[in-house]
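Undergrad: Chains as they are written, first to last, in this note's numbering: chain W, 18 to 410; chain L, 18 to 410. The beta carbon of each residue, even a glycine, is placed where N, CA and C say it ideally should be.
Number of protein chains: 2
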Amino acid sequence: MNSNNENSLYSLRGVSATKNEVHNAIKNLDKGLFPNAFCKIVPDFFTNDPNFALAIHADGAGTKSLLAYLYFLETNDISVWKGIAQDAIVMNTDDLLCIGAVNNFLISTTICRNKYRISGEILKTLIEGVEEFLDSLRKNGINIHSGGGETADMGDVVRTLTVDSNAVCRIKRNEIVSNHKIQADDVIVGLSSTGKAIYENVENSGVASNGLTSIRHDLLSKYYPEHFTDIFDNFHLETQNAYTGKFRLTDFLQEANSTVGQLILSPTRTYLPVFNEIFQQLRNDIHGIVHCTGGGQTKVLNFVENLHIIKNNLFDIPYLFRLIQSESNTSWQEMYQVYNLGHRMEIYVSHSAAQKIIKISQDFGIEAKMIGFCEKSDKKRLTIISEKGEFHY
Amino acid sequence: MNSNNENSLYSLRGVSATKNEVHNAIKNLDKGLFPNAFCKIVPDFFTNDPNFALAIHADGAGTKSLLAYLYFLETNDISVWKGIAQDAIVMNTDDLLCIGAVNNFLISTTICRNKYRISGEILKTLIEGVEEFLDSLRKNGINIHSGGGETADMGDVVRTLTVDSNAVCRIKRNEIVSNHKIQADDVIVGLSSTGKAIYENVENSGVASNGLTSIRHDLLSKYYPEHFTDIFDNFHLETQNAYTGKFRLTDFLQEANSTVGQLILSPTRTYLPVFNEIFQQLRNDIHGIVHCTGGGQTKVLNFVENLHIIKNNLFDIPYLFRLIQSESNTSWQEMYQVYNLGHRMEIYVSHSAAQKIIKISQDFGIEAKMIGFCEKSDKKRLTIISEKGEFHY
């Protein structure tokens with residue numbers, strides 16, 4: 018099966034999981050000092066010290082902000098915006114974690130809003146949410162600071178709001194995880210995307226800030242476009258693919274002990290405290306780290322050559338993802354390309370280091386295990402062998 | 018007259034020039050090391066060197082991106098997107114210039130698009146536009162680099178696209194312009210927003226990336242909402258205030274020797290090369306710098322206390338701004354609050370330094386002159402005395 022299928026359901030909904038157009042647009046750009054690293058890394062122009070490098074990263078809450086808006090309209094629960102602030106930040110910090118950076122972050126957040134829908138109170142809660150989340154990270158040993166942000170009134174462009182952050186860090190070059198050491202015989206340690214770490218207050222559903230467009234259409238019913246007209250863009254959207262689910266955000270799901278809204282708005286977990294400890298003990302043993310965001314379990318293919326990645330011992334698929342699949346009948350082949358389906362962080366290491374990493378993660382209350390391994394290959398490829406079948410990418 | 022008039026025409030169009038809601042949302046936040054500085058400045062967490070500081074800044078092209086989209090639809094001129102890339106960057110660098118930073122910038126750009134309207138070709142042109150503009154700055158002696166960016170498909174949130182950049186810099190603390198030295202007897206040097214600097218290829222209309230929502234509605238005709246339905250949000254927008262102008266973007270204006278589209282999409286000028294030279298010669302003489310963006314000629318009021326700012330020798334009002342006023346009948350009181358009306362950069366210095374700054378600016382081909390001065394006062398206030406009358410803020 019073609020892993021770059023631009024005719025997938027996800028693509029018909031206006032989102033490209035494989036980002037072919039974006040990759041084409043940036044293919045001629047400078048890739049930085051370490052072309053296989055998870056984030057672009059550039060020389061330290063600030064000090065010109067050849068032993069250091071800089072990285073600036075941009076990412077955001079994506080269309081999770083729209084779900085938060087609907088949830089807020091229905092529940093009047095203002096705290097949902099704190100989760101969106103966390104989403105926008107973690108989507109940056111946990112990408113930078115993959116290059117080995119877990120400290121000394123400088124953050125900025127940009128909110129573009131339709132001021133007729135997004136009130137000053139929502140703005141205030143988002144901005145306070147940024148500060149509170151950074152404060153909680155500092156209490157967990159992470160040196161991270163806000164340098165400010167921007168709020169723009171863009172009602173003719175933005176129907177509700179976008180929340181995007183930037184994170185910048187400076188890192189010692191000899192501490193960088195550049196993924197070029199990922200090799201045959203490496204094992205892959207996965208860190209669960211669900212459960213509750215010792216530094217968290219609530220259970221994670223496993224969702225981060227990717228795939229939310231599909232989740233929205235797969236789970237939510239036509240009640241939303243019918244009752245909240247003018248909020249959505251149905252331009253070119255195949256009607257039969259829009260809001261095909263049966264749920265409202267306030268529906269309670271017995272099996273999850275949670276409402277649909279709480280489940281899909283579960284704030285993006287950060288793995289920073291865990292990796293802070295992993296790097297202190299094992300930095301030189303780590304060959305590669307992949308954050309399974311857009312691209313899901315296939316994301317690693319962006320960072321290796323001539324390797325066959327075999328994932329044959331994945332986590333049980335969390336409830337939310339099983340629900341999405343059963344409601345949408347999306348193929349499991351595509352599910353693995355859009356969602357993390359159980360672990361959001363994967364580390365490529367030797368067998369002996371793997372055991373230590375698993376122990377550290379478990380000490381933080383996050384399940385971890387060897388989910389696969391790497392083999393020599395004449396081209397890069399990925400095989401997923403799971404309860405749902407065997408899939409090739 | 019009340020300078021915080023939230024019932025102004027601009028406000029009715031969904032944009033707050035005075036940003037009261039935003040200021041309220043951030044009033045409890047840490048203001049950084051230099052509370053009166055134009056941008057938030059924080060300690061250098063990267064090196065912990067007490068002689069240095071960091072600043073990260075976020076801003077973007079605002080609704081100029083929507084105008085670019087309309088212009089592109091009508092003219093098929095893809096190059097308009099290069100101007101938008103420049104807009105998003107300069108709105109950051111030239112804010113940071115006000116704290117004394119003209120070098121060692123790291124940039125990131127985030128594009129949120131509706132992929133059914135914003136093609137891969139447009140993305141590619143925007144991303145190339147970033148690189149080309151940074152390259153042109155480097156050729157003019159400015160050390161500036163791209164650290165990458167993000168493109169998100171957000172069709173249900175974003176009707177067309179948003180283009181936002183972040184810029185980060187590290188600066189010596191003793192080189193920071195913190196505005197706290199602005200004092201009675203300072204003169205104000207204004208640097209023209211129009212003309213063509215020796216490092217530019219085209220004439221500037223004077224517009225930057227502020228006030229574009231008003232410009233769009235004041236100058237463009239109902240042809241746009243009628244022919245491009247579904248692109249705009251008219252939610253809560255008073256119909257009589259929307260697209261009240263008489264123009265199409267392709268209309269040629271004899272007096273400007275330019276089309277309406279070219280005039281209002283004129284890319285935001287950067288003053289970096291000029292200030293690079295000004296700082297080399299006169300850094301210690303500068304008491305304050307204000308970038309007349311949102312807030313226009315009244316922006317300085319955010320950065321002073323107990324001073325009366327008198328602007329009594331302003332530049333002739335550029336053609337574009339005269340056109341906006343005559344077409345919209347906006348009061349001049351409000352015009353000065355929304356647009357720069359002639360100079361976009363103002364420097365607060367002693368009389369002797371002023372002469373040298375004017376000379377440097379003129380050497381770069383940018384008109385400059387003393388546009389006003391400061392007096393002692395029991396509270397902060399601003400008086401504008403111009404060809405259009407006397408205005409108090």
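1) If you reduce the DSSP assignment to three classes, tell me which class L/Leu46 lands in.
2) Can you check whether the CB of L/Phe122 is closer than 8 Å to the CB of L/Ala184?
3) Rounded to whole angstroms, how far is the Cβ of W/Leu237 from the Cβ of W/Tyr260, which I believe are closer than 8 Å?
4) Taking its Cβ as the centre, do 16 or more other Cβ atoms sit within 10 Å of W/Glu167, making it buried, or is it exposed?
5) State the Cα-Cα distance for the pair W/Glu205 and W/Cys391, rounded to the nearest angstrom.
6) If you check the beta carbons only, do L/Val194 and L/Gly117 fall under 8 Å apart?
7) For a contact defined as C-beta to C-beta under 9 Å, what are the partners of W/Phe63 on chain L?
8) Which value, in whole angstroms, describes the spacing of the CA atoms of W/His253 and L/Gly172?
9) Could you tell me whether the Cβ of L/His162 comes closer than 8 Å to any Cβ of chain W?
10) Using the rule of at least 16 other Cβ atoms within 10 Å of the residue's Cβ for burial, across every protein chain shown, is W/Val219 buried or exposed?
11) Below 8 Å on C-beta distance, what does L/Ala75 contact in chain W?
12) What residue range is occupied by the uninterrupted alpha helix (DSSP H) comprising L/Arg233?
13) For W/Glu145 and W/Ser209, what's the separation of their Cα atoms in angstroms?
14) Since L/Asp181 sits in a beta bridge, which residues does DSSP pair it with?
15) Classify W/Leu208 as helix, strand or coil using the three-state DSSP reduction.
16) In this structure, does DSSP put W/Ala102 in helix, strand or coil?
17) Give a yes or no on contact between the segment 271-286 of chain W and the segment 298-308 of chain W, applying the rule of three or more CB pairs nearer than 8 Å.
18) Spatial neighbours of L/Lys81 within its chain, please: CB distance less than 6 Å, with the 5 preceding and 5 following residues excluded, ordered by chain position.
19) Unbroken beta strand (DSSP E) runs of length 3 or more, entirely within the segment 316-372 of chain L: which are they?
20) Less than 8 Å between the CB atoms is what I'm expecting for L/Asn65 and L/Asn293, so what's the real figure, rounded?
21) With a threshold of 8 Å between beta-carbons, can L/Thr80 be considered close to chain W, or not?
22) Tell me whether L/Gly389 is buried or exposed, calling it buried when 16 or more other Cβ atoms sit within 10 Å of its Cβ.
23) Helix, strand or coil: which one does DSSP assign to W/Ser28?
24) Using the Cα positions of W/Asn221 and W/Leu337, report the straight-line distance between them to the nearest angstrom.
25) Compute the Euclidean distance between the alpha carbons of L/Val366 and L/Ile341, then round it to the nearest angstrom.
26) State yes or no: is the beta carbon of W/Glu404 nearer than 8 Å to at least one beta carbon in chain L?
27) Note down, in chain order, every chain W residue with its Cβ under 7 Å from the Cβ of L/Ala42.
28) Cutting at 6 Å between CB atoms, please list the residues of its own chain near L/Ile95, excluding the five before and the five after it.
29) Please determine if the segment 120-140 of chain W and the segment 173-182 of chain W are in contact, where contact requires at least 3 C-beta pairs separated by less than 8 Å.
30) For the ligand FAD, I want to know if W/Asp395 counts as a neighbour, meaning its beta carbon is within less than 7 Å of at least one of the ligand's heavy atoms.
31) Please give the ranges of any alpha helix (DSSP H) in the segment 276-317 of chain L, keeping only runs that are unbroken, at least 4 residues long and fully inside the region.
32) Counting only C-beta atoms, is W/Arg286 closer than 8 Å to chain C at any point?
33) Please compile the residues from chain L whose C-beta is within a distance smaller than 7 Å of the C-beta of W/Glu220.
34) Decide if the segment 85-93 of chain W is in contact with the segment 145-157 of chain W; the criterion is three or more beta carbon pairs, one per stretch, under 8 Å apart.
35) Give me the DSSP bridge partner(s) of W/Ser403.
36) From which residue to which residue does the beta strand (DSSP E) around W/Thr168 run?
TA: Reading it off the structure:
1) To locate residue 46 of chain L, count along the second sequence from 1; it is residue 29. Correct three-state label for L/Leu46: coil.
2) Here residue 184 of chain L refers to the residue found at position 167 of the second sequence. Here residue 122 of chain L refers to the residue found at position 105 of the second sequence. Their beta carbons are under 8 Å apart, which means L/Ala184 touches L/Phe122 by this criterion.
3) Along the first sequence, read from residue 1 onward, the residue named residue 237 of chain W stands at position 220. Along the first sequence, read from residue 1 onward, the residue named residue 260 of chain W stands at position 243. Correct: roughly 5 Å between the Cβ atoms.
4) Position 150 of the first sequence, counted from the first residue, corresponds to residue 167 of chain W. Looking at its Cβ environment, which holds 16 or more other Cβ atoms inside 10 Å, W/Glu167 is buried.
5) Taking the first residue of the first sequence as position 1, residue 205 of chain W is located at position 188. Taking the first residue of the first sequence as position 1, residue 391 of chain W is located at position 374. The sequence shown places Ile at residue 205 of chain W, not Glu. Computed Cα separation, rounded: 8 Å.
6) Against the second sequence, residue 194 of chain L aligns to sequence position 177. Against the second sequence, residue 117 of chain L aligns to sequence position 100. A contact, by the Cβ cut-off of 8 Å.
7) Numbered from its first residue, the first sequence carries residue 63 of chain W at position 46. Those within 9 Å of W/Phe63 in chain L are Asp61, Phe63, Thr64, Phe69, Leu71, Asn121, Leu123, Val185, Cys186, Arg187.
8) Here the question's residue 253 of chain W lines up with position 236 in the first sequence. Here the question's residue 172 of chain L lines up with position 155 in the second sequence. In this predicted model, W/His253 has a pLDDT of only 47, less than 50, meaning its place in the structure is not dependable; the value taken from the coordinates is given anyway. In a straight line, the C-alpha of W/His253 is about 10 Å away from that of L/Gly172.
9) Counting from one through the second sequence, the residue named residue 162 of chain L turns up at place 145. Answer yes: the Cβ-Cβ gap between L/His162 and chain W drops below 8 Å somewhere.
10) Here the question's residue 219 of chain W lines up with position 202 in the first sequence. Answer is exposed; the Cβ neighbour count stays below 16.
11) As a position in the second sequence, residue 75 of chain L is number 58, starting the count at 1. The answer, in chain order, is Ser125, Thr126, Thr127, Gly165, Gly166, Glu167, Asn183.
12) Position 216 of the second sequence, counted from the start, is the residue given in the question as residue 233 of chain L. Its alpha helix (DSSP H) spans residues 229-236.
13) For the purposes of this step, residue 145 of chain W is taken as residue 128 along the first sequence, with counting starting at 1. For the purposes of this step, residue 209 of chain W is taken as residue 192 along the first sequence, with counting starting at 1. Using only the alpha carbons, I get a separation of about 28 Å.
14) Stepping through the second sequence from its first residue, residue 181 of chain L is reached at position 164. Answer by DSSP bridge pairing, in chain order: L/Gly77, L/Thr127.
15) Numbered from its first residue, the first sequence carries residue 208 of chain W at position 191. Residue state, collapsed to three classes: strand.
16) Here residue 102 of chain W refers to the residue found at position 85 when the first sequence is read from its first residue. Here W/Ala102 sits in helix by DSSP.
17) no
18) Against the second sequence, residue 81 of chain L aligns to sequence position 64. Closer than 6 Å at Cβ, skipping near neighbours: Asp104, Ser226, Leu229.
19) 324-328, 360-366
20) Reading the second sequence from its first residue, position 48 is the one you call residue 65 of chain L. Reading the second sequence from its first residue, position 276 is the one you call residue 293 of chain L. Not a contact, Cβ separation roughly 28 Å.
21) Against the second sequence, residue 80 of chain L aligns to sequence position 63. Answer yes: the Cβ-Cβ gap between L/Thr80 and chain W drops below 8 Å somewhere.
22) Indexing the second sequence from 1 puts residue 389 of chain L at position 372. Buried.
23) Residue mapping note: residue 28 of chain W aligns to position 11 of the first sequence, counting from 1. Helix.
24) As a working note, residue 221 of chain W is residue 204 in the first sequence. As a working note, residue 337 of chain W is residue 320 in the first sequence. Cα to Cα, W/Asn221 sits roughly 10 Å from W/Leu337.
25) If you number the second sequence from 1, residue 366 of chain L lands on position 349. If you number the second sequence from 1, residue 341 of chain L lands on position 324. Using only the alpha carbons, I get a separation of about 32 Å.
26) Stepping through the first sequence from its first residue, residue 404 of chain W is reached at position 387. No - not a single Cβ of chain L is within 8 Å of the one on W/Glu404.
27) Taking the first residue of the second sequence as 1, we reach residue 42 of chain L at position 25. Within 7 Å Cβ-Cβ: Gly137, Leu140, Lys141, Ile144.
28) Here the question's residue 95 of chain L lines up with position 78 in the second sequence. The residues are Thr142.
29) yes
30) For the structure depicted, the ligand FAD is absent and the ligand set is empty, with no information on it obtainable.
31) 277-281, 289-299
32) Checking the listed chains, one finds no chain C in this structure; the protein chains it contains are W and L.
33) Mapped onto the first sequence, residue 220 of chain W falls at position 203. Result: empty, since nearest Cβ-Cβ is about 27 Å, beyond 7 Å.
34) no
35) By 1-based counting over the first sequence, the position of residue 403 of chain W is 386. Paired residues: W/Gly406.
36) As a first step, residue 168 of chain W is located in the first sequence; it is residue number 151 there, counting from the start. Where W/Thr168 is concerned, the enclosing beta strand (DSSP E) stretches over 161-170.
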